[in-house]
Every structure is written in C-alpha cells, then in structure tokens.
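Numbering (the numbering used here), first residue to last: 10 to 319.
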C-alpha cells in the first residue's frame, strides 16, 4: 500500500511539546481522514451496486447466506490485519457490511429462541447478523424450527446443546427433531459467537444456527452426528464407539428418556457429509440411525483477536 501522505503525530508527544503538530498539521490530518472516509464509502457503494447487479441477473441462485464463505473472509481479515485498530472491530465492520449486502439480494428475517425478555441469544443474533436484519423472538425452539422450515425466517438461532443442566436451554433437546427427519430439510450451519474474544458487556450465550441449506466446507469445520443407543451404554463406551467408527469425537450430549433409546449427539472434527462411510461403520457398532445433522465453520480462537501493531 502507498505510504500515508500525512504522517500521524508522535504518539508520545503532548500539546506544548516540540513534536506536537501545529494547527496546519492537525488540519491536514483531519482532511486526510475525511478523504479516506469518502474513499471507503465510495467502494462500499460500488460493492453494493455489483451485488445488486448479480441479484437482478439472478447469477446468485439459492439463499445468499453462505456461512463457510463468510468464515473464510473473516479468517483472512484476521490473518492480514495490522495496526492499532482492534481486530474485533474489523470483523464487526465487515459483518455489518456482509449482512447489508445480503439484504440487497433477499429478505433475511432471523428467528431467535428467546423464552423470556433479555435473552442473551437475541443480543448474540444481533451481534452476528447486524443491525439491519429483522429479528423475530420466539418462546420455544419448536417455533423457531417451524418458522425456518416454513420459509418465514431465513435462519434460526437455537441454544447450544449441552449436558450441563444449568446451561440455558440445556433441557430442550431440539436437535432430536433434525435427527428424526422432522426438521423440514434443516441443518445446523453455523455456531455463535464467531468473535470468541468476549469483552465486558458482550452476550455470554452460545448458539447454533439452522437453515434450509447444506453446510459447505470452510477449511476448518466441526460436524454434529446424531444417533440412538442402548440406555445401558455408558458415556465412555459411546465415546469409544464413535472413535472406533473413524470419527474424532470432541464432545457428546446425551438425552435419556424412560423406556426409550438414548438420543446422542456427537460433535466431531471435520465436515461430515450424508454419505460418509463412517456413518455406516457407526451403525455396525450397534448404534442406531446415525445421521449427520449439520456442521459449522470453527470460530477463530480468542488469541486470534490479539492486537498486531507492526
């Protein structure tokens, strides 16, 4: 990139110091900021024009929501960014722009599980999907699944399945509907938050995003494999069987019911597709009805948002 024609003042200088810029220098710096603002705005408007042209020509088919592509953009920004501007700020700016461009192509209502006012999932959805998309609060996970399945919402934000009984939404195994084929073609396609550096005031909720689309590979992914098991199987035994089928298990959530098989949800490494031979291998171990119910791009670790000043 070309050098800044108007260098910044000495960071150690204070008003009154010889190194402190005079009025003319300060005016020049402010004029340079105004010039850059206009340049950035021009390119953003041009980007919107190109997206609108694609939408009019219908060169983009299907939903404009592409979690894997978005994740790739965010990862590149994090890897390439330098300077004093916080990386989380850069990600936030681009997410706002991407979602604004998505709205140019198609409506994008988001259904959010929110059993009571002030739910962290609403704030989490707003953080990820931006200020312009309409959010629809719904009291039950079943309502969210119905809204997305019926096309009334583009995506749904649901609580992260967890075994901790005190976790928000832990006692609502909504994922069983996807396992049993009651989800109207829905799949898990993203995990929130994507910005894993959580400052004071940021929502602490965790969520999965469902949509009527098939997950795409982003280069670093996790998948959810669901199956049924004999109630007598221990957690350790289930973990062992998942590994024996060729998967790398990273987590396991169980839902036990009286006089019924245990519903199991395994988080595994990589993108698992519907015809993956490891699913058949899992069935051969005695675990019933194994099926992949979705996948998501892995959010960058917290240290990826550390400042880079060079």
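Cβ coordinates follow ideal geometry from the N, Cα and C atoms, glycine included.
- Counting only the Cα atoms, residue 55 lies some 33 Å from residue 197.
- If you compare the alpha carbons of 193, 230, 265 and 132 with that of residue 238, the shortest gap goes to 265.
- Here residue 204 has 97 and 100 as same chain residues with Cβ atoms under 6 Å from its own Cβ, once five neighbours each way along the sequence are excluded.
- Taking the C-beta atoms as reference points, residue 212 is found nearer than 8 Å to residue 136.
- Between residue 181 and residue 263 a beta carbon distance of about 14 Å is seen, past the 8 Å cut, so the two are scored as non-contacting.
- The Cβ-Cβ distance between residue 244 and residue 261 falls below 8 Å.
- Annotated three-state conformation of residue 243 is coil, per DSSP.
- With a beta-carbon spacing of about 5 Å, residue 153 and residue 120 fall inside the 8 Å limit used to define contacts.
- Residue burial is scored here from C-beta neighbours: residue 308 has at least 16 other C-beta atoms within 10 angstroms and is therefore classed as buried.
- Looking at 315, 282, 293 and 313, the one whose alpha-carbon comes closest to that of residue 303 is 282.
- In this structure, 220 is the residue among 33, 220, 82 and 240 with its C-alpha nearest to the C-alpha of residue 157.
- Linking residue 305 to residue 232 through their CA atoms gives a straight-line distance of about 7 Å.
- Only buried fits residue 123, as 16 or more other CB atoms lie within 10 angstroms of its CB.
- In the displayed model, residue 236 falls within a strand according to three-state DSSP.
- In this structure, residue 217 and residue 133 do not form a Cβ contact; the two beta carbons are roughly 11 Å apart against a cut-off of 8 Å.
- The beta carbons of residue 256 and residue 287 sit closer together than 8 Å.
- For residue 90, the three-state secondary structure derived from DSSP is coil.
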